[in-house]
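Enquirer: Structure in structure tokens, see below.
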Amino acid sequence: MLARLLTRSLRLWTTLVASALVLSACGGGSGGGAAPPPPPQPPPPPTSAELADASRFGSQATFGLTWSEIDALARQGAEAWIERQFATPVTDHSPLVADLVRRREAGEFAAFEQDIEYLILSRRLAWWHHTVTADDLLRQRVAFALSQIFVVSDNVDDLIVNPFALSGYYDMLLANSFGNYRDLLRDVSLHPAMGIYLSHVNNRRSDPANNTFPDENYAREVMQLFSIGLFELNIDGSLRLDTAGQPIPTYSNVEIREFAKIFTGLSYGGPNAYFGNPAPNFFAYMQMFDAEHEPGPKSLLNGMVVPAGQAGEQDIEAAIDNLFNHANVGPFIGKQLIQRLVTSNPSPAYVERVARAFNGDTTGVRGDMQAVIRAILLDPEASAAPDANSYFGKLREPVVRYASALRQLGATSDDGYIFNTGYVVQELGKQHPLSAPSVFNFYLPAHSPAGEIASADLVAPEFQITTSNSVVGMSNLIDYMLLGDFVTDAPPPFETVSLSYSDFQPVAGNVEALVDRMDLVFTAGTLDPATRAAIVSVLSDIDDPNIRMRIGLYLFLISPDYVAQL
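Throughout, the numbering used here is defined as the position within the sequence shown, counted from one, plus 101.
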């Protein structure tokens with residue numbers, strides 16, 4: 102990057118010096134006055150290599166970039182693009198949900214025959230619209246990655262029927278994507294959607310006389326999944342071993358019981374709040390009711406003891422600090438974010454660099470999510486040239502493939518809304534945001550499919566939902582989109598979504614140019630020669646440019662070269 106900037110600056114400097122020499126040789130112009138210097142020359146357009154690098158970066162940092170967005174990114178550079186994205190205002194989902202609810206209640210949507218339909222669909226419609234159209238591309242992508250770590254799901258009744266339950270939770274993830282991990286962990290712990298999903302809302306203190314004790318569900322998962330994991334880690338993500346060569350557990354049932362005491366006394370917040378309230382309020386964080394909070398000291402991780410006599414909120418803050426400052430958090434969370442954005446098998450050195458960024462080595466602030474994102478996306482391993490013999494890359498999951506296609510193919514509609522219920526995607530691709538079958542997401546970070554990947558001691562998490570059915574299902578979905586004009590499954594009156602193809606129509610008359618453009622946009626210049634030859638062979642037999650373009654897009658989007666994000 103620095104070399105490219107220096108080269109451009111040198112070219113501009115050379116042009117200006119040459120112009121000055123010409124003016125000097127000509128006597129400085131007529132009339133005795135100095136002639137104005139010529140306007141500075143624009144920098145040269147990005148090279149093919151720079152465009153390919155920008156496309157690859159975009160596949161890691163966003164749900165996909167159009168050709169013009171790739172060109173703009175190549176001109177400004179990845180570092181500058183990231184900083185501009187950090188400064189781009191957040192696009193929340195709940196305001197659009199609120200507008201849909203208001204319009205339904207005003208009788209605008211006759212297609213929704215029952216109130217339950219809009220209650221269920223509103224947050225899904227909003228997710229797809231903002232994911233495809235929002236300007237805060239990086240934030241939306243990071244929030245989706247976080248939603249696969251801090252999992253809640255609409256397979257719980259109270260979360261599916263209230264349109265603000267999961268849209269509000271997602272907005273919380275958006276708000277914290279560029280903030281601090283400590284705030285993220287606290288907000289996750291206190292959000293009513295998580296309180297319902299992992300059952301620590303209305304979690305009462307112990308009552309030994311009646312043989313009742315605090316629910317341990319959230320206490321277990323906040324350690325296992327949201328912060329430190331099962332075993333102690335070195336800073337590079339490798340397991341720490343005891344003297345017998347065995348992994349060292351990070352916690353035991355004792356710590357689970359102690360953390361369960363921490364998360365007692367919480368119920369829904371808002372006006373007229375009281376403990377035991379059965380009616381969820383998704384417009385406020387959960388509120389502490391000390392009368393139902395477990396009294397006494399609590400023994401947490403690494404020998405920390407929360408003293409007796411504190412208010413419940415103080416106990417929670419102390420517990421969040423205890424988790425946040427554990428040495429595992431940087432490598433544990435950092436590696437999962439690398440897997441979600443860049444590659445399934447980051448090297449230990451890559452994990453360590455990201456973990457050190459989390460620890461504050463680059464900014465002096467522990468848990469700085471912006472530092473973590475910079476470290477992930479700007480790491481030399483993320484930007485190194487793809488190597489067919491390396492273990493770099495990841496599988497594009499169904500949601501990313503479909504959302505990227507809508508973005509990169511210029512989805513548009515008469516009313517400006519790119520709505521989709523997502524149920525067809527979920528049925529064919531076996532995935533949908535905030536709809537995982539369990540708190541363990543749709544797939545595990547350590548999943549290793551049988552065969553060459555497992556034999557090489559590698560992981561490929563997304564393969565856990567990759568079956569013959571889902572492979573065929575996604576191919577059919579792309580067929581429906583490109584050849585059947587079934588772009589989304591939005592209900593009336595929102596079913597008018599179409600694709601514009603504006604990036605590809607100008608070159609559709611030339612097979613080689615069309616394949617070059619598709620290779621740049623979808624596969625960042627990494628298209629295998631054999632795949633290219635097969636696509637060119639098919640497209641060369643099609644005379645109609647529009648049909649050729651659609652067939653070409655279909656072949657690209659179902660190709661292994663595209664499905665494997667390198």
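Positions of the beta carbon are idealized from the N, C-alpha and C atoms, including for glycine.
Give me the residue from Gly653, Asp590 and Asp642 with the minimum Cα distance to Asp620.
Expert: Within the sequence shown, residue 620 is the residue found at index 519, counting from 1. It is Gly653 whose Cα lies nearest to the Cα of Asp620.
Enquirer: Is Ala537 closer than 7 Å to Asp254 when the C-beta atoms are compared?
Expert: As a first step, residue 254 must be located in the sequence shown, where it is residue number 153. As a first step, residue 537 must be located in the sequence shown, where it is residue number 436. Residue 254 is actually Ser in this sequence, not Asp. In this structure, Ala537 lies closer than 7 Å to Ser254 by Cβ.
Enquirer: Note down the Cα distance separating Pro432 from Val443, rounded to an integer number of angstroms.
Expert: The residue given as residue 432 occupies position 331 in the sequence shown. The residue given as residue 443 occupies position 342 in the sequence shown. If you take the alpha carbons of Pro432 and Val443, they lie about 15 Å apart.
Enquirer: Using CA atoms only, rank isn't needed, just tell me which of Glu209, Ala136 and Phe279 is closest to Leu238.
Expert: For the purposes of this step, residue 238 is taken as the residue at position 137 of the sequence shown. Of Glu209, Ala136 and Phe279, the residue nearest in Cα terms is Phe279.
Enquirer: Would the segment 603 to 620 and the segment 157 to 170 be scored as touching if the rule is three or more Cβ pairs under 8 Å?
Expert: Short answer: they touch.
Enquirer: Answer with buried or exposed for Asn304, where buried requires no fewer than 16 other C-beta atoms within 10 angstroms of its C-beta.
Expert: As a working mapping, residue 304 is identified with position 203 in the sequence shown. Asn304 comes out buried.
Enquirer: When DSSP labels each residue in this structure, what does Phe587 get in the three-state scheme?
Expert: Residue mapping note: residue 587 aligns to position 486 of the sequence shown, counting from 1. If DSSP states are grouped into helix, strand and coil, Phe587 belongs with coil.
Enquirer: Suppose you measure from the CA of Ala181 to the CA of Arg633; what does that come to, to the nearest Å?
Expert: Within the sequence shown, the letter at position 80 stands for residue 181. Within the sequence shown, the letter at position 532 stands for residue 633. Looking at the two C-alpha atoms, the distance is approximately 33 Å.
Enquirer: Alpha carbon to alpha carbon, what distance is there between Ala188 and Phe520?
Expert: Counted from its first residue, the sequence shown places residue 520 at position 419. Counted from its first residue, the sequence shown places residue 188 at position 87. Using only the alpha carbons, I get a separation of about 26 Å.
Enquirer: Within the continuous alpha helix (DSSP H) that includes Asn318, where are the two ends?
Expert: Here the question's residue 318 lines up with position 217 in the sequence shown. Note, Asn318: alpha helix (DSSP H), Asn318 to Gln325.
Enquirer: Tell me which residues share the same chain as Phe541 and place their Cβ nearer than 8 Å to its Cβ, disregarding the 5 neighbours each side in the sequence.
Expert: Counting from one through the sequence shown, the residue named residue 541 turns up at place 440. So the list reads Val252 and Leu326, once near-sequence residues are dropped.
Enquirer: Which ranges would you report for the alpha helix (DSSP H) in the segment 379 to 404 if only whole runs of at least 4 residues count?
Expert: List check, alpha helix (DSSP H) in window: nothing returned.
Enquirer: My output table needs one value for Leu658: the three-state DSSP class, helix, strand or coil.
Expert: Numbered from its first residue, the sequence shown carries residue 658 at position 557. Correct three-state label for Leu658: helix.
Enquirer: Tell me whether Val289 is buried or exposed, calling it buried when 16 or more other Cβ atoms sit within 10 Å of its Cβ.
Expert: In the sequence shown, residue 289 corresponds to position 188, counting from 1. So Val289 counts as buried.
Enquirer: Taking the alpha helix (DSSP H) that Arg305 belongs to, which residues open and close that run?
Expert: As a working mapping, residue 305 is identified with position 204 in the sequence shown. No alpha helix (DSSP H) holds Arg305; DSSP gives it neither H nor E.
Enquirer: What residues are listed by DSSP as bridge partners for Phe332?
Expert: Mapped onto the sequence shown, residue 332 falls at position 231. Paired residues: Pro350.
Enquirer: Put Thr567 into one of helix, strand or coil per three-state DSSP.
Expert: Reading the sequence shown from its first residue, position 466 is the one you call residue 567. Three-state result, Thr567: coil.
Enquirer: Going by beta-carbon coordinates alone, are Met582 and Pro499 separated by less than 7 Å?
Expert: As a position in the sequence shown, residue 582 is number 481, starting the count at 1. As a position in the sequence shown, residue 499 is number 398, starting the count at 1. Going by C-beta atoms, Met582 is not nearer than 7 Å to Pro499.
Enquirer: Between the alpha carbons of Asp193 and Ala635, how many angstroms are there, rounded?
Expert: As a first step, residue 193 must be located in the sequence shown, where it is residue number 92. As a first step, residue 635 must be located in the sequence shown, where it is residue number 534. Taking the straight line from one Cα to the other gives about 43 Å.
Enquirer: In the DSSP assignment, find the alpha helix (DSSP H) that holds Ile439 and state where it starts and stops.
Expert: Reading the sequence shown from its first residue, position 338 is the one you call residue 439. Segment Val430 to Leu442, the alpha helix (DSSP H) holding Ile439.
Enquirer: If you draw a straight line from the C-alpha of Pro449 to the C-alpha of Ser339, how long is it?
Expert: Looking up residue 449 in the sequence shown gives position 348. Looking up residue 339 in the sequence shown gives position 238. Distance between the alpha carbons of Pro449 and Ser339: 7 Å.
Enquirer: If you pair each beta-carbon of the segment 376 to 389 with each one of the segment 492 to 507, do three or more pairs fall below 8 Å?
Expert: Because the criterion of three Cβ pairs below 8 Å is not met, the segment 376 to 389 and the segment 492 to 507 do not touch.
Enquirer: Rank Leu260, Gly511 and Pro315 by C-alpha distance to the C-alpha of Ser307 and give the top, closest one.
Expert: Locating residue 307 in the sequence shown gives position 206, where the first residue counts as 1. Nearest C-alpha to Ser307: Pro315.
Enquirer: Between the segment 414 to 431 and the segment 458 to 473, do three or more beta carbon pairs fall short of 8 Å?
Expert: Touching, per the Cβ criterion.
Enquirer: Within this structure, are the beta carbons of Phe383 and Gly269 separated by less than 7 Å?
Expert: Position 282 of the sequence shown, counted from the start, is the residue given in the question as residue 383. Position 168 of the sequence shown, counted from the start, is the residue given in the question as residue 269. Result yes, Cβ atoms of Phe383 and Gly269 sit closer than 7 Å.
Enquirer: Check each candidate in Ala235, Glu184 and Ala266 and name the one with the smallest Cα separation from Leu222.
Expert: One-based indexing of the sequence shown puts residue 222 at position 121. The candidate whose alpha carbon is nearest that of Leu222 is Ala266.
Enquirer: Write down the C-beta distance between Val678 and Gln509 rounded to the nearest angstrom, noting that I regard them as a contact closer than 8 Å.
Expert: The requested residue 678 does not occur in the structure, where the chain is confined to residues 102 to 667.
Enquirer: Answer yes or no: do Ser328 and Leu424 have a C-beta to C-beta separation smaller than 7 Å?
Expert: Within the sequence shown, residue 328 is the residue found at index 227, counting from 1. Within the sequence shown, residue 424 is the residue found at index 323, counting from 1. Yes, the Cβ-Cβ distance between Ser328 and Leu424 is below 7 Å.
Enquirer: For Leu507, does the three-state DSSP call read helix, strand or coil?
Expert: Position 406 of the sequence shown holds residue 507. Of the three classes helix, strand and coil, the one that applies to Leu507 here is helix, per DSSP.
Enquirer: So the candidates are Ile217, Ala276, Ser149 and Glu359; which of them puts its Cα closest to the Cα of Gln471?
Expert: As a working mapping, residue 471 is identified with position 370 in the sequence shown. Checked all of Ile217, Ala276, Ser149 and Glu359; the closest Cα to Gln471 is Ala276.
Enquirer: Could you check which residue in Gln186, Arg185, Ile183 and Glu151 has the C-alpha nearest to that of Asp172?
Expert: As a working mapping, residue 172 is identified with position 71 in the sequence shown. Nearest of Gln186, Arg185, Ile183 and Glu151 to Asp172, Cα basis: Glu151.
Enquirer: Alpha carbon to alpha carbon, how far is Arg341 from Leu334?
Expert: Position 240 of the sequence shown holds residue 341. Position 233 of the sequence shown holds residue 334. C-alpha separation (whole angstroms): 5 Å.
Enquirer: Curious, which full-length alpha helix (DSSP H) runs of at least 4 residues does the segment 447 to 514 contain?
Expert: Whole alpha helix (DSSP H) segments, 4+ residues: 449 to 460, 470 to 478, 481 to 484 and 499 to 509.
Enquirer: Going by other Cβ atoms of all chains shown within 10 Å of its Cβ, with 16 needed for buried, is Arg248 buried or exposed?
Expert: By 1-based counting over the sequence shown, the position of residue 248 is 147. In the sequence as presented, Arg is not what sits at residue 248; that position holds Ser. Ser248 comes out buried.
Enquirer: Between Leu174 and Leu201, which are expected to be in contact by the criterion C-beta below 8 Å, what is the C-beta distance as a whole number of angstroms?
Expert: Position 73 of the sequence shown holds residue 174. Position 100 of the sequence shown holds residue 201. Rounded, the Cβ-Cβ distance is 32 Å, inconsistent with contact.
Enquirer: Going by the CB atoms, is the gap between Leu667 and Pro487 shorter than 7 Å?
Expert: In the sequence shown, residue 487 corresponds to position 386, counting from 1. In the sequence shown, residue 667 corresponds to position 566, counting from 1. Yes. Within cutoff.
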